[in-house]
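A.B. asks: Before anything else, here's the structure in question.
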Amino acid sequence: MGENTRTILLADDDEDDRELFGDALQEIADAALLHTAGNGIELMEILRDRSVVPDLLFLDLNMPRKNGHECLSEIRKQDDLKDITVIIFSTSFQRDTVNSVYDQGASLYIVKPDNFTGLKNVISQALALYERGDLSKGKRDREKFILRLS
Amino acid sequence: MKNQPHQVETIPAFLEGGGEMGALTRKYDWTSTSLGSFRNWPLNLQLVVSTLLHSRFPMFLFWGPELIQFYNDAYRPSLGTNGKHPAALGQRAEECWPEIWSRIKPLLDKVMQHGETVWYENLCLPIYRNGALEDVYWTFSYSPVKGEQGTIDGALVVCTETTASVLAANKIKETSDQLSFAIDAAELATWDFNPVTRCFRGNFRLREWFGLDGSAEDIALQSAMDAIAEKDRAAVRKAIERALQISSGGNYEIEYTITNAKTGQERIVRAKGKALFDNEQQPYRFTGTLQDITAEVFGRNQRQKLLKLVDNSVDLMSILELNGTNSYINAAGRDILGISQDADVSQIPISDFHTPDQIAFVESNIIPTVMGKGRWAGEFAIRHGQTGEIIPLYNNCHRIDDLETGEPIGVGAVMRDMRPELNARKILEEKVKERTKELQQLNEELEKKNQDLASFAYVSSHDLQEPLRKINTFISRIEEAGNNADPVKLKEYFRKIKNSATRMQQLINDLLSFSRLDTSDTEKEPTDLNVLLASVRSDLSESIKRTGAVIEAGNLPTLNVVKYQFHQLFTNLISNAIKFTGVDNTPMITISATTSQAGEEKIAESHFSGGYLHIRVQDNGIGFEEQYSQRIFEVFQRLHDKNQYEGTGIGLSICKKVVENHEGVIRAEGIPGKGACFHIYLPMENE
Chain A
1023 MGENTRTILL ADDDEDDREL FGDALQEIAD AALLHTAGNG IELMEILRDR
1073 SVVPDLLFLD LNMPRKNGHE CLSEIRKQDD LKDITVIIFS TSFQRDTVNS
1123 VYDQGASLYI VKPDNFTGLK NVISQALALY ERGDLSKGKR DREKFILRLS
Chain B
4 MKNQPHQVET IPAFLEGGGE MGALTRKYDW TSTSLGSFRN WPLNLQLVVS
54 TLLHSRFPMF LFWGPELIQF YNDAYRPSLG TNGKHPAALG QRAEECWPEI
104 WSRIKPLLDK VMQHGETVWY ENLCLPIYRN GALEDVYWTF SYSPVKGEQG
154 TIDGALVVCT ETTASVLAAN KIKETSDQLS FAIDAAELAT WDFNPVTRCF
204 RGNFRLREWF GLDGSAEDIA LQSAMDAIAE KDRAAVRKAI ERALQISSGG
254 NYEIEYTITN AKTGQERIVR AKGKALFDNE QQPYRFTGTL QDITAEVFGR
304 NQRQKLLKLV DNSVDLMSIL ELNGTNSYIN AAGRDILGIS QDADVSQIPI
354 SDFHTPDQIA FVESNIIPTV MGKGRWAGEF AIRHGQTGEI IPLYNNCHRI
404 DDLETGEPIG VGAVMRDMRP ELNARKILEE KVKERTKELQ QLNEELEKKN
454 QDLASFAYVS SHDLQEPLRK INTFISRIEE AGNNADPVKL KEYFRKIKNS
504 ATRMQQLIND LLSFSRLDTS DTEKEPTDLN VLLASVRSDL SESIKRTGAV
554 IEAGNLPTLN VVKYQFHQLF TNLISNAIKF TGVDNTPMIT ISATTSQAGE
604 EKIAESHFSG GYLHIRVQDN GIGFEEQYSQ RIFEVFQRLH DKNQYEGTGI
654 GLSICKKVVE NHEGVIRAEG IPGKGACFHI YLPMENE
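This is the structure we're talking about:
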């Protein structure tokens, strides 16, 4: 199963969230490789020195020093990074923010769920969409951009 | 020879004497008349002729059916020279008086046929004398002369020529008519006061004005006094009494108001009179006139009002005569032109008030327009006579025409000094510019505030949701684990739940503090920062003790500030300094305050017009990179992971707001690994 070998990079300043994400990912796809960055600066260093080359990047927006918007913008400007599938992973859900990251080239917008089952659910859905190729640049759909558990 | 006997004949006694006419009568050849020689004349004729010739009263006699004429020396001048004398003697009346025969024949008939006596006074009988037909006035009687048998033989005319006295009387009447016409034409009332009886007479007009229509010719002075206005009465009485004193020369002149008691009509009159005095220097007559000057006084008052108006106008008002000189410039105009209030403006050439260019404009443009169209208005300028200042004016001038002929007689100009208006306009423009700038600044501030608010709402919702979401998530994990849960994991989850709840509480508290800065008590009071700092130290004593932090402070000033806000400011800055300290470091915090003048530092140039106070809070902590010097003041903006340095990201936002609430500025400088310095600038008026 190809999906089990995916390299996933999570950028989130909240240590608890990183742990929860790891726990959830382990339960649904324990072969996936998870790397984490605690803030935007760290993320960009990892990407730039290619210590991790992720298939999927889960990007929190609200981070100290360099936030998710800034990171996304830099990623899309660099030739060797611009094709990374970026999934926004944020607590907040505001139309302006959603529109702006869609325009910046994010593939999916996940609103962080407030329970562990939901967390596993959205991560596995995101992985499934990725595997189906629905998150590729040409297939992005503004209508289906947001992934949120009601 | 018929004359022969006469020459030798003796003269009868009745023809003796009688002057020239006596002589002529004696010489006359009476035989050539129907009377025949005087020797044969009847006795009554003799007697009448004798009486006639000797009378010094002018007498004339018609005798017999043919009315043969006799007259004496006294009558002779009435016939003039080059006239009927001496031919009238012995002549038949009808031949003598052809020019008035038609008028005297009936008179003579009355006498001769009916024996009546005819009497006339000042009858005009024009006769031919002195070479012309003259109007001659006679007072005369025609009386019959009777014979012995009662026949009427003649008519004796005893007369006197009254031409001179009639003409004199006519002259007097004419003069009097002229006077009364003049009085009438001048609409004068006349009066004639008798100082002895204290009564007067007045003409019709006077009676009408005073409302005196009583039949009594003599009017008591008192009744006239009653018609005089109360306010004038005493003065009139005094003027009359003075005129009646010889020392005054008898002159009387006064103006007063009278009211017709019946019609209520008021008149202002000017009385003029003259008193006459007898040898005892006592007044015996006091006469004069009254002139109705109501219209004149009204006009005078109107003119005075207009003059006052014009004189006190703040605009320049002038009258330019056609000869090019000013005949009038009002007070405001004299001020504007710089000429004294008593200068004779007609002597100042108008070229003194203008530059040559202005004069040329007046001649080429203003004067032709005013003369042609009657009016010119527009912007204009004059030159101040003393300072030479060119003063902008708005000039509105009109041609003034003669009321009757319509011919132009001058130019009236009203000019407004435009300096106040132009100044006001300039000030207004500056004000508008200033306000626009202020408004722009306010707009920018407002826009920034809006952005702040939007980002505040956004980050609030985000940051407040985060701990809640985590609490829910950990609870869901505990639920999921059920009864077989690993106790170590459970404990760990509860710890995390508690952490999130604590963080939630902190966030809510900090947000409340932050929003309280806008809404709660903002009363400023003089605050000694040294005392305030001591209180902050005491609040933070636990962490100071724990970290061994050293806080050094110079002598700080007393400022007029909102005390609790400044307490929070220093608390946040000092606790930040303690918090962001390197692992092996002891916090060293230095607080100082200096006063500076505007322009000494870049920050001041843009912010303060005057002096300002500069407070520095310097630490030796981990510092930060220059690029974050702005961001750290934004709400919920953090430079570090939560696990590394705890905090809500609101502390510095509170600091910034406190400083801005005091019209100040806060800036941060940082060197990574070496420390940070917070600069607070406050305007001096805060002291």
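From first to last, the protein sequence lines stand for chains A and B.
Under our numbering, the first residue of the first sequence carries the number 1023, and numbering increases by one thereafter.
Under our numbering, the first residue of the second sequence carries the number 4, and numbering increases by one thereafter.
Cβ coordinates follow ideal geometry from the N, Cα and C atoms, glycine included.
A quick note: this is a predicted structure, and the numbers were derived from the prediction, not measured.
Which residue comes first and which comes last in the alpha helix (DSSP H) that contains R204 (chain B)?
C.D. replies: Premise fails: R204 (chain B) lies in the beta strand (DSSP E), 202-205, not in any alpha helix (DSSP H).
A.B. asks: With 8 Å as the threshold, decide whether the Cβ of P675 (chain B) is near any Cβ in chain A.
C.D. replies: With 8 Å as the cut-off, P675 (chain B) does not count as an interface residue toward chain A.
A.B. asks: From the DSSP output, read off the bridge partner residues of S144 (chain B).
C.D. replies: The partner list for S144 (chain B) (beta bridge, DSSP) reads B:W122, B:V161.
A.B. asks: Which residues in chain A sit within 8 Å of Q443 (chain B), going by Cβ to Cβ distance?
C.D. replies: Near Q443 (chain B) there are no residues of chain A at all, since even the closest Cβ is about 26 Å away, more than 8 Å.
A.B. asks: Find the residues of chain A that neighbour T476 (chain B), judging by a C-beta separation of less than 8 Å, and give them in chain order.
C.D. replies: Chain A residues near T476 (chain B): L1042, P1135, D1136, N1137, F1138, L1141.
A.B. asks: Does the separation of the CB atoms of L1056 (chain A) and L1047 (chain A) fall below 8 Å?
C.D. replies: Taking 8 Å as the Cβ cut-off, L1056 (chain A) and L1047 (chain A) qualify as a contacting pair.
A.B. asks: Who are the near neighbours of G652 (chain B) in its chain, counting only those whose CB is closer than 6 Å to its CB and skipping five residues on each side?
C.D. replies: Result list for G652 (chain B): F639, Q640, R641, in chain order.
A.B. asks: Which word fits T165 (chain B), buried or exposed, when buried means at least 16 other C-beta atoms lie within 10 angstroms of its C-beta?
C.D. replies: Answer is buried; the Cβ neighbour count reaches 16.
A.B. asks: Could you confirm whether any beta carbon from chain A is found closer than 8 Å to the beta carbon of Q468 (chain B)?
C.D. replies: So, interface residue.
A.B. asks: Do G415 (chain B) and I322 (chain B) have their CB atoms nearer than 8 Å?
C.D. replies: Yes, Cβ-Cβ distance for G415 (chain B) and I322 (chain B) is below 8 Å.
A.B. asks: Counting pairs of beta carbons, one from the segment 287-303 of chain B and one from the segment 270-278 of chain B, are three or more of them closer than 8 Å?
C.D. replies: As far as the Cβ criterion goes, the segment 287-303 of chain B touches the segment 270-278 of chain B, which means the pair count is three or higher.
A.B. asks: Where S656 (chain B) and K429 (chain B) are concerned, what is the direct C-alpha to C-alpha distance, given to the nearest angstrom?
C.D. replies: Each residue's alpha carbon lies about 43 Å from the other.
A.B. asks: Relative to chain B, which residues along the segment 1103-1114 of chain A have a C-beta separation below 8 Å, given in chain order?
C.D. replies: Per Cβ criterion, the list reads S1112, T1113, S1114.
A.B. asks: Report yes if the CB atom of R106 (chain B) is closer than 8 Å to the CB atom of L128 (chain B), and no otherwise.
C.D. replies: Taking 8 Å as the Cβ cut-off, R106 (chain B) and L128 (chain B) qualify as a contacting pair.
A.B. asks: My guess is that K1104 (chain A) and I1097 (chain A) are in contact by the Cβ rule of under 8 Å, so how many angstroms apart are they, rounded?
C.D. replies: With a Cβ gap of about 7 Å, K1104 (chain A) and I1097 (chain A) count as contacting.
A.B. asks: L55 (chain B) and L111 (chain B): beta carbons closer than 8 Å?
C.D. replies: No, the pair does not count as a contact, with Cβ atoms beyond the cut-off.
A.B. asks: Can you find a CB in chain B that lies within less than 8 Å of the CB of R1087 (chain A)?
C.D. replies: Yes, R1087 (chain A) counts as interfacial toward chain B.
A.B. asks: DSSP three-state label for H570 (chain B), please.
C.D. replies: If DSSP states are grouped into helix, strand and coil, H570 (chain B) belongs with the helices.
A.B. asks: Looking at the structure shown, is L128 (chain B) part of a helix, part of a strand, or coil, going by DSSP?
C.D. replies: Of the three classes helix, strand and coil, the one that applies to L128 (chain B) here is coil, per DSSP.
A.B. asks: Closer than 6 Å by C-beta to G1140 (chain A): which residues in its own chain qualify, once you throw out the five before and the five after it? Chain order, please.
C.D. replies: Excluding positions up to five away in sequence, the list reads L1171.
A.B. asks: If L1083 (chain A) sits next to T1107 (chain A), beta carbons under 8 Å apart, how far is it from one beta carbon to the other, in whole angstroms?
C.D. replies: In fact, because the Cβ distance is near 16 Å, the residues do not count as touching under 8 Å.
A.B. asks: Please report whether the beta-carbon of N1121 (chain A) lies at a distance below 8 Å from any beta-carbon of chain B.
C.D. replies: For N1121 (chain A), the answer is no, since every Cβ of chain B falls outside 8 Å of its Cβ.
A.B. asks: Suppose only complete runs of 4+ residues qualify. What are the alpha helix (DSSP H) ranges in the segment 1072-1104 of chain A, listed by chain order?
C.D. replies: The segment 1072-1104 of chain A contains these whole alpha helix (DSSP H) runs: 1090-1099.
A.B. asks: Where do the N-terminal and C-terminal ends of the alpha helix (DSSP H) with W104 (chain B) fall, by residue?
C.D. replies: Run containing W104 (chain B): 104-117, per the alpha helix (DSSP H) assignment.
A.B. asks: Sorted by chain position, which residues of the same chain lie with C-beta nearer than 6 Å to G205 (chain B)'s C-beta, five sequence neighbours on each side aside?
C.D. replies: Counting only Cβ-Cβ distances below 6 Å, and skipping sequence neighbours, we find W194.
A.B. asks: To test your reading of the DSSP string, which unbroken alpha helix (DSSP H) runs of 4 or more residues are found completely within the segment 216-303 of chain B?
C.D. replies: Here the runs fully enclosed are 224-230, 233-246.
A.B. asks: Quick check on S516 (chain B): buried or exposed, where buried means 16 or more other Cβ atoms within 10 Å of its Cβ?
C.D. replies: When all chains shown are included, S516 (chain B) counts as buried.
A.B. asks: Report yes or no: do three or more beta-carbon pairs, one from the segment 430-437 of chain B and one from the segment 453-468 of chain B, lie closer than 8 Å?
C.D. replies: Cβ pair count under 8 Å is below three, so no.
A.B. asks: Who are Q72 (chain B)'s beta bridge partners in DSSP?
C.D. replies: B:F65, per the DSSP bridge assignment.
A.B. asks: Indicate the three-state DSSP secondary structure (helix, strand or coil) for Q468 (chain B) in the structure shown.
C.D. replies: It is helical.
A.B. asks: To the nearest whole angstrom, what separates the beta carbons of V161 (chain B) and F17 (chain B), a pair I think is in contact under 8 Å?
C.D. replies: At roughly 19 Å, the Cβ-Cβ gap does not stay under 8 Å, so V161 (chain B) and F17 (chain B) are not in contact.
A.B. asks: I need the DSSP call for W44 (chain B), collapsed to helix, strand or coil.
C.D. replies: Coil, per DSSP.
A.B. asks: Compare the C-alpha of I592 (chain B) against each of B:Q600, B:D622, B:P109 and name the closest.
C.D. replies: That would be B:D622, whose Cα lies nearest to the Cα of I592 (chain B).
A.B. asks: Taking contact to mean at least 3 C-beta pairs separated by less than 8 Å, is the segment 527-547 of chain B in contact with the segment 559-569 of chain B?
C.D. replies: Yes, the segment 527-547 of chain B touches the segment 559-569 of chain B.
A.B. asks: Exposed or buried, which one is N6 (chain B) when buried takes at least 16 other CB atoms within 10 Å?
C.D. replies: The pLDDT assigned to N6 (chain B) is 46, lower than 50, so where the model puts this residue is not dependable, and the model offers no usable value.
A.B. asks: Going by DSSP, what residue range makes up the beta strand (DSSP E) through L1056 (chain A)?
C.D. replies: That run of the beta strand (DSSP E) goes 1055-1059.
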